[in-house]
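Protein chains in written order, with our numbering: chain B, 1 to 222; chain G, 223 to 550.
Spelled out as structure tokens, the structure:
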């Protein structure tokens, strides 16, 4: 049975009609021992079917280990949204766990953003990212029923798209309890930057930038 | 095996995202501003948490609002103002604002239902806010204490939790938590619930919700994370409830500015500062009513502020040299 309603399929078809550049979805899954791998794969298939501009590759986390390593995938289910076509480009945009509930709209938004080939950020942010010399890794912890989480996910994904040095993961908290415990997540959204820095809530762009600046200052100290 | 309601759907396309003016707070200040901005043909959106979230909305009887001898309830008066604004084309959305982007030409308002853009924003969120005053509340924030059940409910699957509050928001969140928690103690500091009737009935009837009226939350305790709360029913001994989560929806008397995330300067008491046109130091951002901690905190004062802001916004957006008087 389809996960997407007819109505949503139609709406998405219309939204995807404007996609300028090819988008590639990559899903890492597994036969056994993966709670929502099947559904994550299914939703990716259904979404990819709605546009000729969206392609999908599905890999087995174990059997296709080298490919998982190539994309730095360390847990499943994992979904990558990247530029496809003749010149594929991985922006570092990741979803760990099933992108359901409110996060489904994040997935669609990312597809449209990557399909557009450009990201909108404030001039100050763009300038700072252009001068960035150290890597930043975002892990945005969410739950599917959290209405404010997509804002935090989208902001992190925008940063990833804007800079080669930035990667950003949505992490669905209830599927990865060991990670939730490691980073003391009991309230979402919680954005962890480079292990040691965190931001609570869906903060405005310049506040996230300030935190990113703190994280980089820490790296440069050593 | 964890159950998850697979919900793959796009947000309701009913609400548009771009407006001339967004007003945060739909009480007498916000609604009056909306009457004037909508009449001036400015596309107006009012985002409001709920009728019983504000000071006028929870007032049981009001007799001194000029032109309305009444007595009528505060909620009825607010509804009259809102209907009037809607009649001129203002849109009303029930949602909670969690963030705003105030700098730049296009402003944005982040709510649970989406992100909305405007050329100007009026902050009309009043002063029913509070800081973390319950012992343990600040300490355990994010470690079992939460202000958002829809965000954090999933962390309390099959556990006992407490919800503290008496209004629409508290009840809606308590009902949401029934999807996850095994048992919800609804601790209500007033003798009755102050929410709309249908919601109150639903909460009272739910088998997972245990309502404790006339009961105060005294302390939140734990060890690294929340393990219990101390409550005190009126005239009785303190009780301890073992819970893993405490969802707090209390109201106080402080200006509600948390969603601003300190982007605007406030006085020591947390009040916003504006000029005679209700404009803050950020162009296009206005603040009215109880947020200003004015000498007199009354609905008619908030309404008047709202109109001053609306007229100033008309001038700001339409680049008028002087404010346009609306005599009609």
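Where is the CB? At the ideal position from N, CA and C, for every residue including glycine.
Note that the structure is predicted; figures quoted are calculated from it, not measured.
Asked: For the putative contact between residue 209 of chain B and residue 128 of chain B, defined by C-beta atoms under 8 Å, what is the C-beta separation to the nearest angstrom?; Found: 6 Å
Asked: Check whether chain G comes within 7 Å of residue 37 of chain B, counting only Cβ atoms and requiring the distance to be less than that.; Found: no
Asked: Distance, Cα to Cα, residue 258 of chain G vs residue 524 of chain G?; Found: 14 Å
Asked: Are the Cβ atoms of residue 455 of chain G and residue 437 of chain G separated by less than 7 Å?; Found: yes
Asked: Residues of the stretch 6 to 32 of chain B in Cβ contact with chain G at a cutoff of 9 Å, in chain order, please.; Found: 7, 8, 11, 12, 15
Asked: How is residue 14 of chain B classed by DSSP in three states: helix, strand or coil?; Found: helix
Asked: With residue 55 of chain B as the anchor, note down where its beta strand (DSSP E) starts and where it stops.; Found: 54 to 60
Asked: In the DSSP output, which residue or residues are listed as bridge partners for residue 95 of chain B?; Found: B:79, B:170
Asked: Report the neighbours of residue 67 of chain B on chain G: residues whose CB is nearer than 9 Å to its CB, in chain order.; Found: Those do not exist, as residue 67 of chain B stays about 26 Å from chain G at its closest Cβ, beyond 9 Å.
Asked: Is the stretch 288 to 302 of chain G touching the stretch 335 to 349 of chain G in the sense that three or more CB pairs, one from each, lie closer than 8 Å?; Found: no
Asked: Could you pull out every residue in the same chain whose Cβ sits closer than 7 Å to the Cβ of residue 323 of chain G, ignoring the five residues on either side in sequence?; Found: 329, 330
Asked: Do residue 44 of chain B and residue 27 of chain B come within 7 Å of each other at the CB atom, strictly closer than that value?; Found: yes
Asked: How would you call residue 305 of chain G, buried or exposed, if buried means at least 16 neighbouring beta carbons within 10 angstroms?; Found: exposed
Asked: Would you list, in chain order, the members of the stretch 115 to 139 of chain B that have their beta-carbon closer than 9 Å to a beta-carbon of chain G?; Found: 122
Asked: Let me know if residue 426 of chain G comes out buried or exposed under the rule of 16 or more other beta-carbons within 10 Å of its beta-carbon.; Found: exposed
Asked: Taking only the alpha-carbon atoms, compute the straight-line gap between residue 531 of chain G and residue 13 of chain B and give it to the nearest angstrom.; Found: 42 Å
Asked: Let me check understanding here. Comparing Cα to Cα, which of G:469, G:495, G:249 lies closest to residue 362 of chain G?; Found: G:469
Asked: Cutting at 6 Å between CB atoms, please list the residues of its own chain near residue 244 of chain G, excluding the five before and the five after it.; Found: 267, 331, 338, 340, 343
Asked: Between which two residues does the alpha helix (DSSP H) harbouring residue 197 of chain B extend?; Found: Not the alpha helix (DSSP H): residue 197 of chain B falls in the beta strand (DSSP E), residues 197 to 200.
Asked: Taking all protein chains shown into account, decide if residue 219 of chain B is buried (16 or more other Cβ within 10 angstroms of its Cβ) or exposed.; Found: exposed
Asked: Helix, strand or coil for residue 214 of chain B per DSSP?; Found: helix
Asked: On the DSSP letters alone, give me the boundaries of the beta strand (DSSP E) that residue 467 of chain G sits inside.; Found: 467 to 470
Asked: Taking 6 Å as the line, does the beta carbon of residue 445 of chain G fall inside it for any heavy atom of the ligand GTP?; Found: Absence of the ligand GTP from the depicted structure is noted, as is the absence of any ligand whatsoever, leaving it without description.
Asked: Is the shortest distance between the beta-carbon of residue 82 of chain B and the beta-carbons of chain G less than 7 Å?; Found: no
Asked: Name, in chain order, the residues that DSSP records as bridge partners for residue 206 of chain B.; Found: DSSP lists no partner for residue 206 of chain B.
Asked: Looking at the structure shown, is residue 153 of chain B part of a helix, part of a strand, or coil, going by DSSP?; Found: helix
Asked: DSSP state of residue 404 of chain G, grouped into three classes?; Found: coil
Asked: Within the same chain, show all residues whose beta-carbon is closer than 7 Å to that of residue 92 of chain B, passing over the 5 residues directly before and after it, in chain order.; Found: 160, 166, 167, 168
Asked: Examine chain B for any beta-carbon lying closer than 7 Å to the beta-carbon of residue 339 of chain G, and answer yes or no.; Found: no
Asked: For residue 254 of chain G, which residues from the same chain have a beta carbon less than 7 Å from its beta carbon, with the 5 sequence-adjacent residues on both sides left out?; Found: 303, 525, 528, 529
Asked: If we define contact as Cβ-Cβ less than 7 Å, is residue 225 of chain G a contact residue for chain B?; Found: Because the pLDDT at residue 225 of chain G is just 44, under 50, the model does not fix this residue reliably, and the point stays unresolved.
Asked: State yes or no: is the beta carbon of residue 153 of chain B nearer than 7 Å to at least one beta carbon in chain G?; Found: no
Asked: Out of curiosity, what's the CA-to-CA distance linking residue 416 of chain G and residue 290 of chain G?; Found: 23 Å
Asked: At the 7 Å Cβ level, is residue 530 of chain G part of the contact set with chain B, yes or no?; Found: no
Asked: If you pair each beta-carbon of the stretch 22 to 38 of chain B with each one of the stretch 52 to 63 of chain B, do three or more pairs fall below 8 Å?; Found: yes
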